[in-house]
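Written out below as structure tokens is the structure these notes cover.
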Amino acid sequence: NAGVTQTPKFQVLKTGQSMTLQCAQDMNHEYMSWYRQDPGMGLRLIHYSVGAGITDQGEVPNGYNVSRSTTEDFPLRLLSAAPSQTSVYFCASSYSGITFTDTQYFGPGTRLTVL
Amino acid sequence: TQLLEQSPQFLSIQEGENLTVYCNSSSVFSSLQWYRQEPGEGPVLLVTVVTGGEVKKLKRLTFQFGDARKDSSLHITAAQPGDTGLYLCAGDYGTGTASKLTFGTGTRLQVTL
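Chains Y and E supply the protein sequences, listed in that same order.
Under the working numbering, the first residue of the first sequence carries the number -16, and numbering increases by one thereafter.
Under the working numbering, the first residue of the second sequence carries the number 395, and numbering increases by one thereafter.
Listed below in structure tokens is the structure:
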């Protein structure tokens, strides 16, 4: 049971490049989400999904796309990277998105730098 | 956008000391969680509090949810170097079929020998 895995761990992009951050979980969790963590600002929700085929926007969705074709995978796409997207990105999952009495498990993060 | 303020932002204490970290909001939350995050890793859930006035204990850590469900505190007794890390509170202001977590800005704790 690997939990929540994220790839890559580190990435450097040039402004305007695109890339996909991968996230997978093997716990059969319905709820998955993406956060970014910036110094002094805590974690902010980008997008989330309550199940395969269903996604919704969080607090800071601009510049990011997501899809959820399977229960296990929830990739985050940057279509045209900007320096403001330099951050550490965390994927998380929990059994249910109805309430957070379920434990939410976080991946190890992807550190992204956009030059 | 809901805001969660944590205080203090930084705390450096010696082993054996006690400390309290605070988490305050202007909004009512249906539940509140506390996480600890170590460098290079994702946050790890410590506790979830749901009922106003609720107190939960996890070994030397005591968590309290305010009566009005707008604030919470984390008290550590006899801190140890292993307690070093970033402590985050996160509130759930779920408004429908899915809940969304709002995270505080964090309290960075360093415990030295």
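Virtual Cβ for every residue (Gly too), placed ideally from N, Cα, C.
Just so you know, these numbers come straight off a predicted model, no measurement behind them.
Assign residue i to one of three DSSP states: helix, strand, or coil.
i, result
"Y:Gln68", "helix"
"Y:Asp56", "strand"
"E:Gly500", "coil"
"Y:Asp9", "coil"
"E:Asp486", "strand"
"E:Gly476", "helix"
"Y:Ser50", "coil"
"E:Glu411", "coil"
"Y:Leu95", "strand"
Check whether the Cβ of residue i lies closer than 7 Å to any heavy atom of the ligand GDP, and answer yes or no.
i, result
"E:Leu413", "Among the components of this structure there are no ligands whatsoever, and the ligand GDP is therefore not found."
Report yes or no: is there a C-beta of chain Y within less than 8 Å of the C-beta of residue i?
i, result
"E:Leu482", "yes"
"E:Ser425", "yes"
"E:Lys494", "yes"
Is the shortest distance between the beta-carbon of residue i and the beta-carbons of chain E less than 8 Å?
i, result
"Y:Thr86", "yes"
"Y:Leu4", "no"
"Y:Pro91", "yes"
"Y:Gly41", "yes"
"Y:Tyr47", "no"
"Y:Tyr31", "yes"
"Y:Phe(-7)", "no"
What does residue i reach in chain Y if we use C-beta pairs closer than 7 Å?
i, result
"E:Leu439", "Thr86 and Gln87"
"E:Ser401", "Result: empty, since nearest Cβ-Cβ is about 13 Å, beyond 7 Å."
For residue i, return the contacting residues in chain Y, with the cut-off set at a CB-CB distance below 9 Å.
i, result
"E:Thr499", "Gly23, Met24 and Gly25"
"E:Glu435", "Phe89, Pro91 and Gly92"
To the nearest whole angstrom, what separates the beta carbons of residue i and residue j, a pair I think is in contact under 8 Å?
i, j, result
"Y:Glu55", "Y:Ala(-15)", "Not a contact, Cβ separation roughly 11 Å."
"Y:Val97", "Y:Ala65", "6 Å"
"Y:Leu4", "Y:Pro58", "7 Å"
"Y:Tyr47", "Y:Arg60", "7 Å"
Going along chain E in order, which residues have a C-beta closer than 7 Å to the C-beta of residue i?
i, result
"Y:Thr28", "At residue 28 of chain Y the sequence reads Leu, which differs from the Thr that was named. Chain E residues near Y:Leu28: Lys494 and Leu495."
"Y:Phe57", "Simply none; closest approach about 14 Å."
Item to complete: State whether the region 90 to 98 of chain Y contacts the region 68 to 77 of chain Y, with contact taken as three or more CB pairs (one from each stretch) at a distance under 8 Å.
Response: yes
Worksheet entry | Given 8 Å, three or more beta-carbon pairs between the region 437 to 446 of chain E and the region 454 to 461 of chain E | yes
Item to complete: Report yes or no: do the region 21 to 38 of chain Y and the region 411 to 428 of chain E share at least 3 C-beta pairs separated by less than 8 Å?
Response: no
Discussion item. Assess contact between the region 409 to 419 of chain E and the region 27 to 38 of chain Y, defined as three or more Cβ pairs (one per stretch) separated by less than 8 Å. Is contact present?
Written reply: no
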